[in-house]
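Numbering (the numbering used here), first residue to last: 30 to 195. Everything below concerns the one structure shown next.
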């Protein structure tokens with residue numbers, strides 16, 4: 030079956046947007062592939078990235094139309110990308126980029142997940158940034174992560190996974 034699905038849309042920064050998007054993606058993929066686990070994994074990845082953007086986005090000083098969700102599915106791979114404005118005055122963008130680089134240092138997503146769980150358990154309860162969702166994307170979703178911040182203070186986080194035997 031030839032597959033070529035593309036969705037590129039602005040999102041609202043309400044928490045309900047993340048769940049509505051997850052449900053739509055899960056339904057679409059389950060209908061297409063009749064594979065509940067695959068649909069659930071991609072839905073989880075999409076929701077985690079959208080929630081991450083909502084939580085860490087700069088919604089007071091930025092154009093809300095900069096909050097974009099992109100979903101591309103071909104025969105070879107699936108790409109989920111979320112772009113959102115961030116404050117250049119805060120340390121959060123650097124911490125997010127550093128967290129993704131940190132995940133890439135491990136030989137497997139499982140190792141990164143276990144190490145991050147340990148760190149979260151040991152950090153103070155008032156810590157702002159856990160990045161546990163990003164580690165879930167890599168480990169539970171089996172997606173590779175990449176990210177960058179552009180000159181307009183928009184962070185772009187991309188999750189990519191190869192499609193095998195669908």
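Don't be surprised by glycine CBs; every beta carbon is placed ideally from N, CA and C.
Provide the residue span of the alpha helix (DSSP H) that contains residue 130, from first to last.
121-133
Between residue 189 and residue 167, is the Cβ-Cβ spacing less than 8 Å?
no
Within the same chain, show all residues whose beta-carbon is closer than 7 Å to that of residue 39, passing over the 5 residues directly before and after it, in chain order.
94, 96 and 97
Using a 10 Å radius around the Cβ and a threshold of 16 neighbouring Cβ atoms, would you call residue 65 buried or exposed?
exposed
Between which residues of its own chain and residue 162 is the CB-CB distance below 7 Å, once the five residues before and five after are set aside?
77, 80 and 81
Quick check: the region 143-155 against the region 58-72, are there 3 or more CB pairs under 8 Å?
no
Closest residue to residue 187 among 180, 193 and 173 (Cα-Cα distance):
173
Just the Cα atoms here: how many angstroms apart are residue 32 and residue 51?
20 Å
Candidates 91, 137, 67 and 34, of which the one nearest residue 41 by Cα:
91
Tell me residue 84's beta-bridge partners as DSSP assigns them.
Per DSSP, none; premise fails for residue 84.
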